[in-house]
Amino acid sequence: MPMTHYMALLAANQPWNLILFMAIPVILAETVAITELYLLFTRKFGGGVHRLNRLASIAGGVYFSGIFVYLLLTAVVPLTQQGGWLGPADVIAVGFYLAGVIPLGGLALLDLGLIARQHDDEARLRLHATLVAVFLVVAHIAMIFGMLDPTLLMASGHDMAGMQH
136 MPMTHYMALL
146 AANQPWNLIL
156 FMAIPVILAE
166 TVAITELYLL
176 FTRKFGGGVH
186 RLNRLASIAG
196 GVYFSGIFVY
206 LLLTAVVPLT
216 QQGGWLGPAD
226 VIAVGFYLAG
236 VIPLGGLALL
246 DLGLIARQHD
256 DEARLRLHAT
266 LVAVFLVVAH
276 IAMIFGMLDP
286 TLLMASGHDM
296 AGMQH
């Protein structure tokens, strides 16, 4: 069965690609999600859990920004220029994976104090929790479509060659 570029990336160069492109970002994002729940329930913003939450948010945003730039330049641009996309599922998987940079980057910017400085603590907490939720949604969409046969969503007799820009 053919696989999407998303799954091919994770399967290649074992275990390093899996660690670099999946494990590290997911561990950082799950750390943020778990600590976020604790903070939402306890409202204890001065302790170690809050510091861990901020550290994981900043590290995740910065790290994933590097992944975004790397994959944009080494995969997305060449695949698009060469008409190498394998079908809509392939584009959706890679696109949603890379879209994770928006919420993760937002978390980093928020915790670095570069955005929403004028907001009160409650508003920043709501924004932080929303960005965590958005990341979880886009990451899961990427995983679901990434596990599909990339040709599954293609109309019969059509290929992605027309997607070149």
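Each residue of the sequence shown is one higher than the last, beginning at 136 in our numbering.
Ideal Cβ positions, reconstructed from N, Cα and C, are used throughout, including at glycine.
Nothing here was measured: the structure is a model prediction, and the numbers come from that model.
Straight across, the Cα-Cα distance linking Ile237 with Trp151 is about 24 Å.
Between Glu165 and Ala264, the C-beta spacing is not below 7 Å. Relative to Thr139, the option among Leu190, Trp220 and Val184 whose CA is nearest is Trp220. Within the stretch 215 to 249, the runs of alpha helix (DSSP H) that reach at least 4 residues and sit entirely inside it are, in chain order, 223 to 234 and 236 to 246. Leu208 counts as exposed, since fewer than 16 other beta carbons sit within 10 angstroms of its beta carbon. Within the same chain, Cβ atoms closer than 6 Å to the Cβ of Gly196 are found at Leu239, Gly240, Leu242 and Ala243, the five residues on either side in sequence being excluded. For Val167 against Ser192, the beta-carbon gap comes to about 5 Å, under 8 Å, which counts as contact. Excluding residues up to 5 positions away in sequence, Leu288 and Met289 lie with their Cβ nearer than 7 Å to the Cβ of Pro223 in the same chain. Here Phe270 is not near Ile227, since their CB atoms are 7 Å or more apart. Between the beta-carbon of Ala251 and that of Leu245 there is about 6 Å, and that keeps the pair under the 8 Å contact cut. Here Tyr205 is exposed, its C-beta having fewer than 16 other C-beta atoms within 10 Å.
Rounded to the nearest angstrom, the Cβ distance from Phe176 to Gly235 is 25 Å, too far for a contact under 8 Å. Comparing alpha carbon positions, the residue from Val229, His254 and Thr286 closest to His275 is Val229. If only complete runs of 4 or more residues are kept, the stretch 152 to 190 shows the alpha helix (DSSP H) at 159 to 177, in order along the chain. Going by DSSP, Val269 is part of the alpha helix (DSSP H) stretching over Asp256 to Gly281. For Leu144, the enclosing alpha helix (DSSP H) has its first and last residue at His140 to Ala146.
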